[in-house]
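Colleague: The structure is given below, and queries will be raised subsequently.
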């Protein structure tokens, strides 16, 4: 592999990883916080009114 190509690929992968890591961290930290539980766990229904309000 040409030395310039090796440097380009390394820089390209660094930029891609630097862009993906914040997205992945934000996703996997904010989803459980917004759901109040882990995505795979069963959720309990927190309905306080038993009829439709129309």
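In the numbering used here, the protein residues as written are 26 to 79. Heads up, the beta-carbon is just placed ideally off N, CA and C, and yes, glycines get one too.
For residue 58, does the three-state DSSP call read helix, strand or coil?
Modeller: helix
Colleague: Given this structure, state the Cα-to-Cα distance separating residue 27 from residue 34, to the nearest angstrom.
Modeller: Looking at the two C-alpha atoms, the distance is approximately 11 Å.
Colleague: If you reduce the DSSP assignment to three classes, tell me which class residue 44 lands in.
Modeller: helix
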